[in-house]
Amino acid sequence: MVRRPIDRPFSMDQTPPAPPPAESPASISPLPAVEHQHVRFAEGLELDCGRRLAPVEMAYQTYGRLDDRRANAILVCHALTGDQYVAEQQPITGKPGWWARMVGPGLPIDTDRFFVVCVNVLGGCMGSTGPRSPRPDAAGGEPWGTDFPPITLQDIARAQEKVITHLGIDRLFAVIGGSMGGMQVLAWAALFPRRVFAAVPIATASFHSAQNIAFNEVSRQAIFADPDWNNGRYWTNGRVPARGLAVARMMAHITYLSEEALTRKFGRRTRREATVPAPIGSAAPAQSPLGLFGEMFEVESYLRHQGSSFVRRFDANSYLTVTRAMDYFDLAADHDGDLAAAFRGTPTRFCVISFSSDWLFPTSQSRLIARALNQAAANVSFVEIETDKGHDAFLLDEPALDRTLRGFLQGCAEHAGLAPGVAA
Amino acid sequence: MRLDQRLIAEMIEPGTRVLDIGSGDGSLIEHLFRTRNCDARGIELDMAEVTRSVAHGLPVMHGDADTDLAHYPDCAFDYVVLSRTLQAVERPREVLRQMLRIGSRAVVSFPNFGHWQLRAQLLLGGRMPMTETWGRPWYETPNIHPCTIRDFFVLCRQEGYAVRRWMAIDEKGERAPWRRFPGLANLFGEQAMFLLER
Numbered sequence: 021m022v023r024r025p026i027d028r029p030f031s032m033d034q035t036p037p038a039p040p041p042a043e044s045p046a047s048i049s050p051l052p053a054v055e056h057q058h059v060r061f062a063e064g065l066e067l068d069c070g071r072r073l074a075p076v077e078m079a080y081q082t083y084g085r086l087d088d089r090r091a092n093a094i095l096v097c098h099a100l101t102g103d104q105y106v107a108e109q110q111p112i113t114g115k116p117g118w119w120a121r122m123v124g125p126g127l128p129i130d131t132d133r134f135f136v137v138c139v140n141v142l143g144g145c146m147g148s149t150g151p152r153s154p155r156p157d158a159a160g161g162e163p164w165g166t167d168f169p170p171i172t173l174q175d176i177a178r179a180q181e182k183v184i185t186h187l188g189i190d191r192l193f194a195v196i197g198g199s200m201g202g203m204q205v206l207a208w209a210a211l212f213p214r215r216v217f218a219a220v221p222i223a224t225a226s227f228h229s230a231q232n233i234a235f236n237e238v239s240r241q242a243i244f245a246d247p248d249w250n251n252g253r254y255w256t257n258g259r260v261p262a263r264g265l266a267v268a269r270m271m272a273h274i275t276y277l278s279e280e281a282l283t284r285k286f287g288r289r290t291r292r293e294a295t296v297p298a299p300i301g302s303a304a305p306a307q308s309p310l311g312l313f314g315e316m317f318e319v320e321s322y323l324r325h326q327g328s329s330f331v332r333r334f335d336a337n338s339y340l341t342v343t344r345a346m347d348y349f350d351l352a353a354d355h356d357g358d359l360a361a362a363f364r365g366t367p368t369r370f371c372v373i374s375f376s377s378d379w380l381f382p383t384s385q386s387r388l389i390a391r392a393l394n395q396a397a398a399n400v401s402f403v404e405i406e407t408d409k410g411h412d413a414f415l416l417d418e419p420a421l422d423r424t425l426r427g428f429l430q431g432c433a434e435h436a437g438l439a440p441g442v443a444a
Numbered sequence: 006m007r008l009d010q011r012l013i014a015e016m017i018e019p020g021t022r023v024l025d026i027g028s029g030d031g032s033l034i035e036h037l038f039r040t041r042n043c044d045a046r047g048i049e050l051d052m053a054e055v056t057r058s059v060a061h062g063l064p065v066m067h068g069d070a071d072t073d074l075a076h077y078p079d080c081a082f083d084y085v086v087l088s089r090t091l092q093a094v095e096r097p098r099e100v101l102r103q104m105l106r107i108g109s110r111a112v113v114s115f116p117n118f119g120h121w122q123l124r125a126q127l128l129l130g131g132r133m134p135m136t137e138t139w140g141r142p143w144y145e146t147p148n149i150h151p152c153t154i155r156d157f158f159v160l161c162r163q164e165g166y167a168v169r170r171w172m173a174i175d176e177k178g179e180r181a182p183w184r185r186f187p188g189l190a191n192l193f194g195e196q197a198m199f200l201l202e203r
């Protein structure tokens with residue numbers, strides 16, 4: 021469950037800007053059609069639900085160069101609302117890649133040294149097969165919508181595995197991801213232990229907690245309650261459930277921060293509004309006397325911006341599909357309740373990282389993973405990074421995270437016999 | 006690397022699996038990996054040290070000797086090392102049991118509370134002793150379970166551990182000449198080091 025920094029109008033370390041103008045209905049339209057680099061698998065994929073999804077198209081981006089031994093590939097797994105544009109301009113928003121501060125030449129995930137792959141998740145909306153894709157059994161290119169089969173994090177990992185095999189990579193040097201990306205890291209390590217030399221699950225959990233399922237449910241209900249939802253067939257009336265999706269995003273965004281970070285950045289500061297911004301996606305703003313909502317707290321303005329920019333780049337049905345995949349995730353349950361059994365005999369080297377102020381995926385969850393890995397006699401490093409930035413810390417400027425990741429990868433490269441590069 | 010760590014490293018056969026409990030800045034595990042080709046890992050309670058070690062490329066996890074050893078399987082390591090930490094854990098006997106459950110051999114070093122200076126200070130001054138090794142006043146010392154070399158021999162006998170090697174050393178880590186005689190070592194050794202087997 022991650023919000024990406026690219027639609028953040030400012031860094032959390034700066035003063036918030038003026039509130040955005042209210043949306044007019046015309047500006048909210050279905051996602052623009054953009055061609056994403058992708059590969060098509062005609063044979064499709066057998067899903068955990070028992071159905072076969074075919075064909076499957078997977079969109080992905082790569083950075084750096086695959087070495088002659090094909091041994092230097094790193095798979096970066098994106099979070100709930102992330103995408104494959106890790107380290108370059110996102111084509112729809114025009115914003116920098118969501119982990120551009122981490123992935124690039126000379127950065128901790130050094131593209132001078134490693135070949136970095138990021139795949140848009142199955143069920144996503146940036147070019148990989150998902151609820152927006154035309155269903156093969158319908159005429160006229162009708163999209164799947166809510167009929168898209170339920171998927172799991174393991175399905176997402178298997179779909180990525182097809183791309184990795186397609187690229188001619190047998191063993192990944194590392195699989196790295198935060199939040200839902202971390203769940204994919206765990207799924208990879210459990211499904212394909214021989215193909216993962218090192219695994220870095222960051223700010224994540226081996227199962228989605230009741231609290232997190234509850235948050236997801238509120239998000240989904242907000243979408244269902246939108247008059248434009250149209251039972252999930254919103255493309256038929258040419259509108260998207262923008263209000264519901266924006267509320268879902270606003271609510272989820274609170275869970276990515278911490279009380280300390282909100283207080284530090286916004287406190288109780290207000291700005292006086294000439295007009296009351298209308299709800300996102302509704303008609304023009306109403307004139308307001310100095311009444312109940314004559315003033316706006318800066319934190320409200322910030323959240324509204326988060327909501328309104330999100331709906332321009334994300335599909336509501338994808339949000340439902342992928343949040344549901346997270347809810348289903350419970351790695352121990354797949355091994356009779358024994359998480360260690362998922363990793364028994366694994367040759368993978370793990371680095372489990374959590375953040376002290378993350379209350380969505382708290383350190384206790386990472387400790388469970390680390391202990392299960394101990395039980396499986398795996399090689400595991402485990403670090404809790406002290407920060408007040410909450411769950412989002414993994415996307416933000418956090419020097420201890422950079423040092424940890426860089427050092428861990430350097431140590432693993434030495435063990436893997438990769439020639440020392442610039443990062444050494 | 007501290008001299009006592011160098012002595013510990015000499016006890017460890019090359020190419021083995023080693024867990025260092027209280028790995029600090031990771032210098033022992035790095036030494037074991039680089040010079041003895043060991044699969045050496047660490048557990049450390051101080052998060053700043055953990056981050057520094059991992060950022061240095063060393064496999065170290067945040068954890069506590071008292072609670073986290075229980076999560077390792079039997080015989081996961083050839084050696085489990087606990088240097089200068091036994092006297093500071095909550096339940097030293099349980100920690101030793103865990104060490105010899107998860108590893109086939111245990112290397113333990115601890116400061117000797119039987120040293121003559123400590124005895125003399127308590128006997129003549131009537132106050133809690135303070136020396137270079139035992140450098141902190143009673144109200145803030147983390148060393149809640151001090152023991153003497155003889156105490157440790159007794160515990161090993163009670164628990165049925167075989168003492169494969171032992172030595173008394175001074176604060177600088179030099180081997181003391183009276184190491185063959187437990188009574189003398191207990192009087193003159195500032196630190197002790199034991200290699201145990203089940």
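Quick mapping for you: the protein sequence lines, in order, are chains A and B. Everything in the first sequence is counted per the working numbering, starting at 21 for the first residue and increasing by one. Everything in the second sequence is counted per the working numbering, starting at 6 for the first residue and increasing by one. The C-beta atom is built at its ideal place from N, Cα and C for all residues, glycine as well.
For residue i, the three-state DSSP class (helix, strand or coil)
i	result
B/GLY108	strand
B/HIS61	coil
A/THR82	strand
B/ILE17	coil
A/PRO213	helix
A/HIS411	helix
B/CYS80	coil
A/ARG133	coil
A/HIS58	strand
A/ARG432	Position check: residue 432 of chain A holds Cys in this sequence, whereas Arg was assumed. A/CYS432 falls in the helix class under three-state DSSP.
B/GLN196	strand
B/VAL94	coil
A/ALA219	strand
A/THR9	Outside the shown range of chain A, which is 21 to 444, sits residue 9 of chain A, and nothing can be said about it.
A/SER44	Residue placement at A/SER44 is poorly supported in this model, since its pLDDT is 42, which falls under 50; the coordinates are not used for a value here.
Whole-angstrom distance between residue j and residue i, CA atom to CA atom
i	j	result
A/GLN81	A/GLU181	14 Å
A/THR368	B/PRO97	32 Å
A/MET271	B/LEU87	48 Å
A/SER401	A/GLY431	11 Å
A/GLN312	A/LEU51	Note that residue 312 of chain A is Leu in the sequence shown here, rather than Gln. Each residue's alpha carbon lies about 35 Å from the other.
A/TRP249	A/ALA177	30 Å
A/LEU245	A/ASP347	A small fix is needed here, since residue 245 of chain A is Ala in this sequence, not Leu. Taking the straight line joining both Cα atoms gives about 20 Å.
B/LEU8	A/ALA225	41 Å
A/ASP422	A/TRP119	12 Å
A/GLY143	A/ARG215	24 Å
B/ALA125	B/GLY140	16 Å
B/LEU201	B/MET52	29 Å
B/PHE186	B/PRO147	29 Å
A/SER376	A/ALA392	20 Å
A/ASP190	A/ARG90	8 Å
A/PRO172	A/LEU100	Correcting the residue identity first, residue 172 of chain A is Thr in this sequence and not Pro. One C-alpha to the other measures close to 13 Å.
A/VAL195	A/PRO213	11 Å
A/GLY147	A/GLN57	8 Å
B/THR21	A/LEU95	31 Å
A/LEU323	A/GLY117	21 Å
A/ILE373	A/VAL403	5 Å
Same chain, Cβ closer than 7 Å to residue i, neighbours up to 5 away in sequence not counted
i	result
A/ASP358	ALA352
B/ILE26	ILE48, ALA70, VAL85, VAL86, LEU87 and THR90
A/PRO154	GLY161, GLU162 and PRO163
B/ALA167	LEU201 and GLU202
Cut-off 8 Å between Cβ atoms - residues of its own chain near residue i, not counting five sequence neighbours on either side
i	result
A/VAL183	VAL59, MET78, TYR80, VAL137 and VAL139
A/PRO75	ARG60, PHE61, ALA62, GLU63, GLY64, THR149 and PRO156
A/ARG152	LEU51, CYS145, PRO163, TRP164, ASP335, ASN337 and SER338
Residues near residue i by beta carbon distance below 6 Å, same chain, minus five either side
i	result
B/SER221	With chain B running from 6 to 203 in the structure shown, residue 221 of chain B is simply not present.
B/GLU95	ASP71
A/PRO128	MET122, ASP422, LEU425 and ARG426
A/PHE235	THR275
A/GLU315	THR290 and ARG292
TODO: Write down every uninterrupted run of the alpha helix (DSSP H) in the region 147-206 of chain A whose length is 4 residues or greater and which is fully enclosed by it, in chain order.
DONE: 173-186
Task: Inter-stretch contact at 8 Å, needing at least 3 Cβ pairs: the region 275-284 of chain A / the region 408-427 of chain A - done: yes
TODO: Counting only runs of 3+ residues fully inside the region 102-177 of chain B, write out the beta strand (DSSP E) ranges in chain order.
DONE: 108-116 and 167-174
Task: the region 325-344 of chain A / the region 252-268 of chain A touching (three or more Cβ pairs under 8 Å) - done: yes
Open item on the list: Whether or not the region 219-227 of chain A and the region 191-207 of chain A are in contact is what I'm after, with contact meaning three or more pairs of Cβ atoms, one per stretch, closer than 8 Å; do they touch?
Closed with: yes
TODO: Give, in chain order, every unbroken run of the alpha helix (DSSP H) that is at least 4 residues long and sits entirely within the region 343-398 of chain A.
DONE: 383-395
Open item on the list: Quick check: the region 385-400 of chain A against the region 60-80 of chain B, are at least 3 beta-carbon pairs closer than 8 Å?
Closed with: yes
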